[in-house]
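Written below as structure tokens is the structure these notes are about.
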DNA sequence: GCCGGTTTGTTCTCGCGTTCACAAACTTCT
DNA sequence: AGAAGTTTGTGAACGCGAGAACAAACCGGC
């Protein structure tokens with residue numbers, strides 16, 4: 006079931022580690038731009054905002070890319086992580102729902118610079134089809150299947166209102182998309198084998214509000230004060 | 006250290022549970038709008054996309070708000086969760102960095118409808134100070150401290166480019182903000198007692214790419230095929 | 001070639017979160 | 001009132017992830 010060929014990557018990387026690899030990648034890119042050729046786990050961990058032991062354990066899942074007594078070669082490690090994540094190749098992406106957030110996503114440079122290429126912007130509202138956003142035409146939602154087939158799109162982004170999200174997800178799945186990034190505040194149901202990650206802005210704020218509420222009404226200098 | 010007054014909320018809710026409470030809240034609001042007066046843990050769990058046992062354990066941390074053999078009163082439970090999170094009160098919020106994403110956030114209706122009120126939009130670029138977004142003036146970044154003091158702002162949102170994020174965070178902290186939602190792809194360092202949550206769009210896509218890469222080149226029908 | 005200093009990779013332990021399974025409690029029907 | 005049927009709340013087992021601590025490996029000097 007979870008077996009692979011022994012020659013190919015038989016290792017499976019823990020989910021928590023996978024979520025941190027992009028952070029390491031960014032830190033390494035930053036170090037490389039600063040001209041650093043080599044770094045220790047301690048330095049890299051600081052740059053990534055994590056514990057050095059955790060960093061080493063994470064990296065050990067990819068292989069032994071460091072040198073004891075020396076550290077890691079920045080450029081080499083950067084490439085290895087990028088390859089492991091899969092961002093050395095080009096990922097075509099479609100964005101559905103070109104409202105405020107869709108606009109922002111289409112213009113977001115961080116996608117392009119990390120191997121993601123927005124091949125199409127789709128919206129059900131015909132009044133938007135005249136627009137061009139970030140150099141890409143906004144096209145009718147009904148073109149989804151054709152676009153996915155043409156470009157081999159595997160990743161879809163949903164930035165529609167909540168009530169439309171499930172329909173969009175269904176259409177994406179039947180068009181062959183197997184990974185969805187969902188910004189709509191709705192729970193999506195998809196068949197097995199399809200990955201969904203959700204980003205919910207208001208949930209993040211609510212989590213902050215919860216902790217804020219418990220910190221006390223208004224710490225004069227910020228520390229929790231003993232109650233009488 | 007972690008002790009509180011026994012009369013006040015002595016319970017501390019696990020972080021994983023806190024992260025799900027807003028999801029339950031949304032599901033309950035949805036049920037209430039559909040006219041449902043009562044629901045079982047099974048129904049609510051389905052609506053929220055989680056396991057029913059997990060839901061019950063989560064809710065048990067808030068108290069015993071259900072009735073055995075019956076279920077939960079939708080409106081009553083909705084209020085209890087809202088109160089626990091703190092969204093029954095009004096939270097003034099400032100957004101710093103009014104680029105594409107800042108625009109989208111300022112216009113996002115999900116904030117207003119959940120007890121968050123955008124009291125100010127700030128940007129360091131003077132050319133933006135003429136604008137008005139979502140009925141709120143864009144003001145100079147240097148006004149931060151005054152605005153925070155005037156409105157009692159406790160929560161700040163950073164939607165600037167990465168290179169500006171740390172400076173903004175520092176300014177927020179010294180202005181008295183203790184909770185930060187960071188959209189900039191940068192690791193923020195803040196003093197103890199200040200909460201930071203980060204939302205990184207490209208990281209989410211990279212995580213999807215990793216899993217997509219491992220699913221195989223192009224599953225004809227979606228399932229993983231045995232390699233020779 | 002050997003020794004001291006440095007840094008990685010790994011082992012071990014601990015705590016948190018998830019899930020199962022079941023007793024307690026409530027409703028309804030007879 | 002009692003029994004049958006539901007549904008909640010919780011005790012217990014299990015697995016994953018975090019962090020500390022240490023052995024293995026590498027570099028440089030003598």
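Protein chains in written order, with my numbering: chain D, 6 to 233; chain W, 6 to 233.
Think of the CB as a built atom: it goes at the ideal place given N, C-alpha and C, for glycine as much as any other residue.
Three-state class that DSSP yields for residue i in the structure shown
i: residue 27 (chain D); result: helix
i: residue 188 (chain W); result: coil
i: residue 202 (chain D); result: strand
i: residue 137 (chain W); result: strand
i: residue 41 (chain W); result: coil
i: residue 76 (chain D); result: strand
i: residue 144 (chain W); result: strand
i: residue 219 (chain W); result: helix
i: residue 119 (chain D); result: coil
i: residue 211 (chain D); result: helix
i: residue 35 (chain W); result: helix
Backbone CA spacing between residue i and residue j [nearest angstrom]
i: residue 44 (chain W); j: residue 205 (chain D); result: 25 Å
i: residue 59 (chain W); j: residue 22 (chain W); result: 9 Å
i: residue 210 (chain W); j: residue 186 (chain D); result: 7 Å
i: residue 131 (chain D); j: residue 151 (chain D); result: 18 Å
i: residue 20 (chain W); j: residue 26 (chain W); result: 10 Å
i: residue 104 (chain W); j: residue 212 (chain W); result: 25 Å
i: residue 69 (chain W); j: residue 63 (chain W); result: 11 Å
i: residue 138 (chain D); j: residue 17 (chain W); result: 46 Å
i: residue 48 (chain D); j: residue 81 (chain D); result: 16 Å
i: residue 168 (chain W); j: residue 190 (chain W); result: 9 Å
i: residue 228 (chain D); j: residue 221 (chain D); result: Residue confidence is low: residue 228 (chain D) scores 43 on pLDDT, short of 50, so the model does not pin down where it sits. Its coordinate-derived value is still stated next. Cα to Cα, the separation comes out at about 9 Å.
i: residue 119 (chain D); j: residue 207 (chain W); result: 8 Å
i: residue 218 (chain W); j: residue 77 (chain W); result: 43 Å
i: residue 113 (chain W); j: residue 122 (chain W); result: 11 Å
i: residue 10 (chain D); j: residue 214 (chain W); result: Because the pLDDT at residue 10 (chain D) is just 36, under 50, the model does not fix this residue reliably, and the point stays unresolved.
i: residue 91 (chain D); j: residue 141 (chain W); result: 42 Å
i: residue 170 (chain D); j: residue 95 (chain D); result: 26 Å
i: residue 166 (chain W); j: residue 145 (chain D); result: 32 Å
i: residue 216 (chain W); j: residue 28 (chain D); result: 17 Å
i: residue 147 (chain D); j: residue 115 (chain W); result: 27 Å
Nonlocal neighbours in the same chain, by C-beta distance under 8 Å from residue i, ignoring five residues either side
i: residue 24 (chain W); result: none
i: residue 35 (chain W); result: 52
i: residue 79 (chain D); result: 33, 36, 37, 41, 42, 43 and 44
Outcome for residue i when other beta-carbon atoms lying within 10 angstroms are tallied against a minimum of 16
i: residue 72 (chain W); result: exposed
i: residue 40 (chain D); result: exposed
i: residue 83 (chain D); result: buried
i: residue 93 (chain W); result: exposed
i: residue 157 (chain W); result: exposed
i: residue 128 (chain W); result: buried
i: residue 99 (chain W); result: buried
i: residue 75 (chain W); result: exposed
i: residue 107 (chain D); result: buried
i: residue 111 (chain D); result: buried
i: residue 109 (chain W); result: buried
i: residue 154 (chain W); result: exposed
First and last residue of the uninterrupted alpha helix (DSSP H) at residue i
i: residue 105 (chain W); result: 105 to 112
i: residue 101 (chain W); result: Residue 101 (chain W) -> not in any alpha helix (DSSP H); beta strand (DSSP E) instead, spanning 96 to 101.
i: residue 62 (chain W); result: 57 to 65
i: residue 178 (chain W); result: 167 to 180
i: residue 149 (chain D); result: 149 to 156
i: residue 129 (chain W); result: Careful: residue 129 (chain W) lies outside any alpha helix (DSSP H) and carries neither H nor E.
i: residue 18 (chain W); result: Looking at the DSSP string, residue 18 (chain W) is not in any alpha helix (DSSP H), and its letter there is neither H nor E.
i: residue 79 (chain W); result: 79 to 90
i: residue 51 (chain W); result: 46 to 53
Cβ-based neighbour list, residue i, same chain, cut-off 6 Å, excluding 5 preceding and 5 following
i: residue 89 (chain W); result: 67
i: residue 46 (chain D); result: 57, 60 and 61
i: residue 202 (chain D); result: 186
i: residue 161 (chain D); result: 99, 177, 182 and 185
i: residue 143 (chain D); result: 103, 126, 128, 133, 134 and 136
i: residue 97 (chain W); result: 122, 124, 156 and 158
i: residue 180 (chain W); result: 149, 150 and 153
First through last residue of the beta strand (DSSP E) which encompasses residue i
i: residue 70 (chain W); result: From DSSP, residue 70 (chain W) is part of no beta strand (DSSP E); its letter is neither H nor E.
i: residue 161 (chain D); result: 160 to 163
Nonlocal neighbours in the same chain, by C-beta distance under 7 Å from residue i, ignoring five residues either side
i: residue 174 (chain W); result: 163, 185, 193 and 195
i: residue 87 (chain W); result: 30 and 93
i: residue 178 (chain W); result: 195, 196 and 199
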